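Student: Next up is a structure, given as structure tokens.
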Amino acid sequence: MSSYGGSSSSRCLQLLEKCKNMKHLQQAHAQVFTCGLGNSSFALSRVLAFCSDPNHGSLSHAWKLFQHIPQPTICIYNTMLKALLLRNDLILTINVFTKMLQNGMYPDNYTLPYVSKACARLQSSCLGELVHGCSLKLGFVSDIFVGNSLIVMYCAFDDMKAARHIFDEIPSLSAVSWTVMISGHSKAGDLDTARLFFDEAPVRDRGIWGAMISGYVQNNCFKEGLYMFRLMQLTEIEPDEAIFVSVLCACAHLGALDTGIWIHSYLNRLRLPLSVRLNTGLIDMYAKCGKLDLARGLFYQMPKRDTVCWNAMISGMAMHGDGEGALELFREMEAAWVRPDDITFIAVFTACSYSGMAHEGMKVFDKMCRIYNIEPKSEHYGCIVDLLSRAGLFEEAKEIIQRMPSSSKPSEEAVAWRAFLSACCNQGQAQLAEVAARNSFGSNATVGSMSCSQIYMLPGASMVMPEE
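FYI, UniProt numbering numbers position 372 of the sequence shown as 372, with every residue one higher than the one before it.
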């Protein structure tokens with residue numbers, strides 16, 4: 001009898017492991033109850049784990065199940081926290097953790113990393129400090145998983161002093177510990193300290209090299225990023241996708257076409273599958289290096305393209321003054337049901353501006369506001385002002401700025417006025433330039449006078465300085 005029961009239970013658990021969709025899961029879950037495993041922590045955790053799958057699961061199903069479990073074990077709590085975190089339901093993650101504490105359940109070294117990640121994503125330093133305190137109280141700070149997650153959290157808060165304190169508390173550091181500190185200091189713009197951590201790392205794996213290369217590139221130190229990549233090549237450590245993307249970005253900004261072509265060949269030799277992200281990096285590199293045909297060829301070979309990929313190709317067209325091509329690509333993007341974002345519209349406006357297509361650009365601006373409900377930012381207004389000014393439509397450009405919503409920040413309005421000032425100076429519009437200068441700098445007469453010195457050399461300019 002017990003043998004049969006054991007065999008039956010084993011089959012039920014195997015069914016859970018083989019589930020491919022929610023229908024299969026519901027059938028397997030029914031079998032779990034039939035086999036008498038309805039209160040089994042392991043079986044319930046497997047059900048919750050499947051429900052957390054972003055592609056095949058159902059978080060609502062997991063949540064309903066979780067609420068009906070009378071006394072969840074730590075394993076079930078952890079599985080639910082992981083499921084919520086995977087779906088980025090951060091507030092509920094914190095609520096479940098709070099409920100767990102209220103029920104007298106102590107977190108373990110799996111619980112705390114999930115909660116610290118939620119705090120980092122929420123940018124809640126107050127909650128993060130509470131989690132840190134809980135880790136200290138339970139003696140988990142020296143645990144490598146908890147310690148690393150706390151370092152990541154404090155790096156997300158840009159609190160590198162606290163991150164360093166945790167780092168120093170961990171008795172046996174892992175490569176991840178060094179990687180996170182390098183990334184954190186790079187994110188904060190402190191490349192010197194990031195490099196010190198890199199140099200002091202006892203073992204440099206792919207992650208540590210990637211963090212340093214990425215740090216240089218993210219801080220616009222493109223030559224240093226490429227140099228670091230060449231040093232990595234000497235170690236015979238094979239780069240991963242993230243490193244290739246960083247290096248392609250460096251090549252794009254430096255116009256290093258030969259290096260970019262070599263990397264493309266290297267990718268082909270490795271037979272590394274070209275993901276959307278890698279293809280986008282190659283497209284951006286070729287476009288910025290002036291090889292639009294190669295960029296376009298790669299773009300149309302891709303079976304799937306995301307918004308970032310479309311943006312890279314449209315920006316490439318814009319950079320080379322192909323307004324018609326950029327607009328046509330924008331229409332193709334819409335036809336493919338890919339939603340444009342802020343960057344898409346900046347690229348389209350720039351393309352229209354360089355090509356003297358003011359009317360077409362304004363139609364796209366109207367679509368951005370009315371159809372896509374994207375509130376224009378200072379960058380958009382700056383592009384539109386440049387677009388209209390290049391077409392000689394200065395009064396229209398001034399009206400656009402004056403119509404900026406009252407909710408706009410003063411700094412955003414100032415950016416738009418400065419774009420208008422630059423256009424007026426370039427086109428010899430002295431009187432409008434003076435208006436733009438006054439609105440740009442307000443009472444900061446010193447900065448205004450310095451920036452507007454060229455105004456007073458224009459025909460028709462008065463000698464009245466910006467008002468204080």
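Backbone N, C-alpha and C define an ideal beta-carbon position, used for all residues, glycine too.
Every value quoted in this text rests on a predicted model; they were computed, and no experiment measured them.
By the three-class DSSP mapping on this structure, what secondary structure does SER449 have?
Tutor: By 1-based counting over the sequence shown, the position of residue 449 is 449. Note that SER449 scores a pLDDT of 48, beneath 50, so its modelled location is shaky and nothing firm can be said.
Student: On the DSSP letters alone, give me the boundaries of the alpha helix (DSSP H) that HIS380 sits inside.
Tutor: On the sequence shown, position 380 is the one that residue 380 refers to. Segment 378 to 390, the alpha helix (DSSP H) holding HIS380.
Student: Is DSSP giving ARG305 helix, strand or coil here?
Tutor: Here residue 305 corresponds to residue number 305 of the sequence shown, with the count starting at 1. DSSP places ARG305 in coil when its eight states are reduced to three.
Student: Would a check of beta-carbon distances place SER389 closer than 7 Å to chain C?
Tutor: Of the chains in the structure shown, none is chain C; there is only one protein chain.
Student: Out of ASN373, TYR372 and LYS398, which has the shortest C-alpha to C-alpha gap to CYS383?
Tutor: Taking the first residue of the sequence shown as position 1, residue 383 is located at position 383. Minimum Cα distance to CYS383 is reached at LYS398.
Student: Looking at the structure shown, is GLN429 part of a helix, part of a strand, or coil, going by DSSP?
Tutor: Against the sequence shown, residue 429 aligns to sequence position 429. Three-state DSSP puts GLN429 in coil, outside helix and strand.
Student: Would you give the residue range spanned by the alpha helix (DSSP H) that TYR154 belongs to?
Tutor: Residue 154 sits at position 154 when you count from the first residue of the sequence shown. It spans 144 to 156 - the alpha helix (DSSP H) in which TYR154 sits, taken as one unbroken run.
Student: To the nearest angstrom, report how far apart MET357 and GLY323 are at their CA atoms.
Tutor: Reading the sequence shown from its first residue, position 357 is the one you call residue 357. Reading the sequence shown from its first residue, position 323 is the one you call residue 323. About 7 Å.
Student: Can you tell me where the alpha helix (DSSP H) holding residue 469 begins and where it ends?
Tutor: One cannot answer for residue 469 here, as it falls past the ends of the chain, which runs 1 to 468.
Student: Within 8 Å, do at least three Cβ pairs link the stretch 117 to 128 to the stretch 136 to 148?
Tutor: Verdict: no, contact absent.
Student: With a cut-off of 8 Å on the beta carbons, I'd call LYS223 and LEU254 a contact; round off their distance for me.
Tutor: As a working mapping, residue 223 is identified with position 223 in the sequence shown. As a working mapping, residue 254 is identified with position 254 in the sequence shown. LYS223 to LEU254, Cβ: 7 Å. Contact.
Student: Ordered along the chain, which non-local residues of its own chain (more than five positions away) have a Cβ less than 8 Å from that of LEU329?
Tutor: Indexing the sequence shown from 1 puts residue 329 at position 329. TRP310, MET313, ILE314 and MET317.
Student: Please return the same chain residues whose Cβ sits closer than 6 Å to the Cβ of PHE97, not counting the five positions on each side in sequence.
Tutor: Looking up residue 97 in the sequence shown gives position 97. The answer, listed in chain order, is VAL115.
Student: Excluding the 5 residues preceding and the 5 following THR344 in the sequence, name in chain order all residues of the same chain whose CB lies nearer than 6 Å to its CB.
Tutor: If you number the sequence shown from 1, residue 344 lands on position 344. The residues are ASN311.
Student: Which class does ILE237 belong to by DSSP, given the choice of helix, strand or coil?
Tutor: Numbered from 1 along the sequence shown, position 237 holds the residue referred to as residue 237. Correct three-state label for ILE237: coil.
Student: Where do the ends of the alpha helix (DSSP H) carrying ILE346 lie?
Tutor: Numbered from its first residue, the sequence shown carries residue 346 at position 346. ILE346 -> alpha helix (DSSP H) spans 342 to 354.
Student: Can you list, in chain order, the residues of its chain whose CB lies under 7 Å from that of ASP158, leaving out five sequence neighbours each side?
Tutor: Indexing the sequence shown from 1 puts residue 158 at position 158. Around ASP158: ALA188.
Student: Can you have a look at ASP284 and say buried or exposed, based on whether 16 or more other CB atoms are within 10 angstroms of its CB?
Tutor: In the sequence shown, the residue the question calls residue 284 occupies position 284. It is buried - the Cβ of ASP284 has at least 16 other Cβ atoms within 10 Å.
Student: Compute the distance between the beta-carbons of ALA194 and GLY215, then report whether it is under 7 Å.
Tutor: As a first step, residue 194 must be located in the sequence shown, where it is residue number 194. As a first step, residue 215 must be located in the sequence shown, where it is residue number 215. Taking 7 Å as the Cβ cut-off, ALA194 and GLY215 qualify as a contacting pair.
Student: Which residue comes first and which comes last in the alpha helix (DSSP H) that contains THR259?
Tutor: As a working mapping, residue 259 is identified with position 259 in the sequence shown. Here the alpha helix (DSSP H) through THR259 covers 257 to 270.
Student: Does DSSP classify CYS251 as helix, strand or coil?
Tutor: Residue mapping note: residue 251 aligns to position 251 of the sequence shown, counting from 1. In the structure shown, CYS251 sits in a helix (DSSP, three-state: H, G or I).
Student: Express the C-alpha separation of ASN148 and TYR300 in angstroms, rounding to a whole number.
Tutor: The residue given as residue 300 occupies position 300 in the sequence shown. The residue given as residue 148 occupies position 148 in the sequence shown. Cα to Cα, TYR300 sits roughly 42 Å from ASN148.
Student: So, with DSSP's three-state summary, where would you put PRO113?
Tutor: Within the sequence shown, residue 113 is the residue found at index 113, counting from 1. Note: PRO113 maps to helix in three-state DSSP.
Student: Per DSSP, what kind of secondary structure is PHE140 in: helix, strand or coil?
Tutor: Translated into positions along the sequence shown, residue 140 becomes position 140. The answer is coil: DSSP assigns PHE140 none of H, G, I, E or B.
Student: Assign ASP258 to buried or exposed, taking buried as 16 or more other Cβ atoms, counted over all protein chains shown, within 10 Å of its Cβ.
Tutor: Position 258 of the sequence shown, counted from the start, is the residue given in the question as residue 258. The residue is exposed, with fewer than 16 neighbouring Cβ atoms inside 10 Å.
Student: Per DSSP, what kind of secondary structure is ASN311 in: helix, strand or coil?
Tutor: Position 311 of the sequence shown, counting from 1, holds the residue named residue 311. In the structure shown, ASN311 sits in a helix (DSSP, three-state: H, G or I).
Student: Give the range of the alpha helix (DSSP H) segment to which TRP63 is assigned.
Tutor: What you label residue 63 is simply residue 63 of the sequence shown in a count that begins at 1. 59 to 67 is the span of the alpha helix (DSSP H), which, as asked, contains TRP63.
Student: Let's test the definition: count the other Cβ atoms within 10 Å of the Cβ of TRP337 and tell me whether it reaches 16, buried, or not, exposed.
Tutor: Here residue 337 corresponds to residue number 337 of the sequence shown, with the count starting at 1. Answer is exposed; the Cβ neighbour count stays below 16.
Student: On the DSSP letters alone, give me the boundaries of the alpha helix (DSSP H) that GLU395 sits inside.
Tutor: On the sequence shown, residue 395 is found 395 positions in, with the first residue counted as 1. Here the alpha helix (DSSP H) through GLU395 covers 394 to 402.
Student: Using a Cβ-Cβ cutoff of less than 6 Å, which residues in the same chain neighbour ALA250 once the five nearest sequence positions on both sides are dropped?
Tutor: In the sequence shown, the residue the question calls residue 250 occupies position 250. Result list for ALA250: VAL217, PHE222, GLY225 and LEU226, in chain order.
Student: Compute the distance between the beta-carbons of ARG112 and HIS132, then report whether it is under 7 Å.
Tutor: Position 112 of the sequence shown holds residue 112. Position 132 of the sequence shown holds residue 132. Here residue 112 is Leu; the residue named in the question, Arg, does not match the sequence. No, the pair does not count as a contact, with Cβ atoms beyond the cut-off.
Student: Excluding the five sequence neighbours on either side, which residues of its own chain have a C-beta within less than 6 Å of the C-beta of ALA414, listed in chain order?
Tutor: If you number the sequence shown from 1, residue 414 lands on position 414. SER440.
Student: For the alpha helix (DSSP H) holding TRP178, just list the boundary residues, first then last.
Tutor: Taking the sequence shown and counting its residues from 1, the one referred to as residue 178 is at position 178. Note, TRP178: alpha helix (DSSP H), 175 to 187.
Student: Going by the CB atoms, is the gap between VAL348 and ASP306 shorter than 7 Å?
Tutor: Residue numbering aside, residue 306 sits at position 306 when the sequence shown is read from its first letter. Residue numbering aside, residue 348 sits at position 348 when the sequence shown is read from its first letter. Their beta carbons are not under 7 Å apart, which means ASP306 does not touch VAL348 by this criterion.
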